[in-house]
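If you read the protein sequences in the order shown, they are chains A and B. Counting from 1, one number per residue, gives the positions in the first sequence under my numbering. Counting from 1, one number per residue, gives the positions in the second sequence under my numbering. To start, the structure under review is shown below, and the notes come after it.
There are 2 protein chains.
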Amino acid sequence: MPRRNQTNEKRRELLPIVARAFAERGYRRTTTAELAERCGVQENILYRLWPDKKAMFIAAIGYVYDLSVAIWSRLLKEADGKQTAAERLLAYEAEHLGEFGHSRIVFAGLSETDDPDIQAALADMYQRYQRFVREQIAAHQARRHKTAPPDAALAAWAVVGLGTVASISRELGLLSDRQRRRLMAEIGRLLLEGPAA
Amino acid sequence: MPRRNQTNEKRRELLPIVARAFAERGYRRTTTAELAERCGVQENILYRLWPDKKAMFIAAIGYVYDLSVAIWSRLLKEADGKQTAAERLLAYEAEHLGEFGHSRIVFAGLSETDDPDIQAALADMYQRYQRFVREQIAAHQARRHKTAPPDAALAAWAVVGLGTVASISRELGLLSDRQRRRLMAEIGRLLLEGPAA
DNA sequence: TCACAATGTAAGCGTATACTTACCGATGAA
DNA sequence: TTCATCGGTAAGTATACGCTTACATTGTGA
């Protein structure tokens with residue numbers, strides 16, 4: 001009998017490195033040679049793990065989502081009587097926003113949306129992301145029953161947009177850390193609470 | 001004497017075509033051969049108009065901003081006693097959002113932000129864009145003096161984010177036209193008016 | 001008309017890049 | 001020990017792409 005197959009373990013080991021490369025340099029500019037070098041292997045090793053470069057990228061998209069959810073879930077488990085989950089999430093994102101380059105990999109993908117596989121991967125990720133945020137917002141609104149909070153689904157999209165523009169502003173050096181935190185805090189609160197504060 | 005130099009006219013003539021190509025296919029995937037073909041000229045003609053491909057892209061970034069401002073300005077001149085300029089702008093964007101691919105070209109650029117020239121061009125564009133929106137919001141708030149409207153600068157960034165996420169959702173087919181209009185209308189109003197409605 | 005720059009065409013050049021092939025030593029159950 | 005398979009190295013291939021060069025044609029002011 002041959003040795004046992006360690007393909008899955010290797011995939012899990014290399015995927016964070018692959019994802020970081022795509023986040024830093026975008027899809028097209030990240031060459032398979034660079035991926036291999038960062039991973040400390042030869043190119044054909046990567047090709048044994050994924051059929052082509054596109055599959056590596058799609059796997060990376062999945063990875064950054066899983067990573068975000070893992071971080072958020074850990075955060076939400078640390079119960080806090082004063083703040084709702086949504087409030088803690090906003091505060092966390094204000095502080096650590098875009099730390100892994102979540103949004104950079106999305107921007108890279110958005111330049112490839114005429115590829116149906118990449119488009120589907122991005123759409124799936126966004127839907128999960130928005131659903132997660134929406135659930136937190138709905139829970140928040142249920143606890144703090146205001147008279148007329150915004151529709152949770154719309155508010156969730158707006159929060160996603162808020163995070164996006166905050167990421168862009170960080171990327172381009174448009175806002176100081178302080179200003180960005182204020183943006184997330186004040187507008188985030190407005191989106192959670194609605195006009196009847 | 002030789003013929004008179006028509007470089008500037010030619011640039012103005014080809015720039016919309018170049019910008020559309022970059023918006024549709026992203027920076028890296030748009031080849032200079034494709035640019036030339038779309039423009040109906042040979043490649044070296046483009047190289048007489050701009051020093052390199054990067055310059056063509058940066059010119060395209062400037063073009064989409066100028067185009068947006070031209071459209072908005074026209075819109076704002078059509079006075080309307082009932083709606084403020086900010087309200088009309090929101091309504092217009094809800095309807096025609098991303099018609100030219102304004103945001104697509106930004107996404108393409110955001111994958112190239114380690115190039116200082118591209119980063120500077122994007123940062124400049126975003127700052128002008130946010131300033132424009134902020135002025136409209138401030139004017140709106142001055143007319144409808146609410147007790148505690150959001151800081152106009154923050155609200156402007158949030159509106160930019162709202163437009164961005166709406167563009168993404170259109171790109172990925174995440175929201176119906178109807179849902180996207182609701183998103184822009186309801187959250188847009190919230191951002192203009194603040195919590196004291 | 002003529003000189004000469006502007007404009008256009010066609011072909012090529014060097015390099016980068018996604019992906020492949022050929023090969024080799026290590027592993028571990030039979 | 002055997003031997004099929006796994007994990008890894010090194011080199012190659014075909015193509016695509018940014019950019020250049022060589023050269024012909026056109027239009028215009030002197």
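The beta carbon of each residue, even a glycine, is placed where N, CA and C say it ideally should be.
Cβ-Cβ separation between B:Leu97 and B:Ala166: approximately 5 Å, consistent with a contact (criterion under 8 Å). A:Gly26 is positioned such that its CB atom lies closer than 9 Å to that of B:Arg28.
For B:Lys10, the enclosing alpha helix (DSSP H) begins and ends at Thr7 to Arg25.
Identification of chain B residues near A:Pro150 by a Cβ-Cβ cut-off of 8 Å yields Glu186, Ile187 and Leu190, ordered along the chain. Excluding residues up to 5 positions away in sequence, Ala153, Ala156, Trp157 and Val160 lie with their Cβ nearer than 8 Å to the Cβ of A:Gln130 in the same chain.
Taking the CA atoms as reference points, B:Asn8 sits about 28 Å from B:Thr113.
Comparing alpha carbon positions, the residue from B:Arg189, B:Ala21 and B:Tyr47 closest to B:Glu87 is B:Arg189. Residue range Lys53 to Lys77 is occupied by the alpha helix (DSSP H) that includes A:Lys77.
Taken through DSSP and simplified to helix, strand or coil, B:Gly101 comes out as coil.
When the beta-carbon positions are compared, A:Glu34 and A:Ala55 stay at least 9 Å from each other. Interface annotation, B:Thr113: in contact with chain A, CB-CB separation under 9 Å. Counting the other Cβ atoms within 10 Å of the Cβ of B:Ala19 gives 16 or more, which makes it buried. Rounded to whole angstroms, the gap between the alpha carbons of B:Tyr63 and B:Cys39 is 16 Å. Annotation: the continuous alpha helix (DSSP H) that includes B:Val133 extends over Pro116 to Arg143. If you compare the alpha carbons of A:Phe132, A:Ala59 and A:Asn5 with that of A:Ile71, the shortest gap goes to A:Phe132. Excluding sequence positions up to five before and after B:Ala108, its CB lies within less than 7 Å of the CB of Phe22, Gly26 and Tyr27, all in the same chain and listed in chain order. DSSP, read as helix, strand or coil, puts A:Trp157 in helix. When rounded, the separation of the alpha-carbon atoms in A:Thr164 and A:Gln127 is 15 Å.
In the three-state reduction of the DSSP assignment, B:Gly109 falls in the helix class.
Around A:Tyr126, the beta-carbon contacts reaching into chain B at under 8 Å are Ile168, Ser169, Leu172 and Leu174. A:Pro16 and A:Gln136 have their C-alpha atoms roughly 27 Å apart. Taking C-beta atoms under 8 Å as the contact rule, B:Arg11 and B:Leu49 qualify, at a distance of about 5 Å.
Across the structure, A:Ala148 and B:Val69 are spaced so that their CA atoms are roughly 35 Å apart. Look at A:Gln179 here: in three-state DSSP terms it is helix.
Shown here, B:Leu49 sits in a helix according to DSSP, grouped into three states. Our two residues, A:Leu192 and A:Met184, have alpha carbons roughly 11 Å apart in a direct line. When Cβ-Cβ separations below 9 Å define contact, B:Gly26 makes contact with chain A.
Put simply, the backbone Cα of A:Gln141 is about 32 Å away from that of A:Leu174.
The residue from B:Tyr47, B:Arg180 and B:Ser103 with its alpha-carbon nearest to that of B:Leu67 is B:Ser103. The beta carbon of B:Arg134 sits no closer than 9 Å to any beta carbon of chain A. A distance below 9 Å separates the beta carbons of A:Arg181 and A:Glu95.
Of the residues assessed, B:Pro116 falls on the exposed side of the cut-off, its CB having fewer than 16 other CB atoms within 10 angstroms.
Nearest Cα to A:Ser111 within the set B:Leu172, B:Asp80, B:Arg178 and B:Val41: B:Leu172. Cα atoms of B:Tyr47 and B:Val41: separation of roughly 11 Å, rounded to the nearest angstrom.
For B:Glu93, the number of other beta carbons within 10 angstroms of its own is at least 16, and it is reported as buried.
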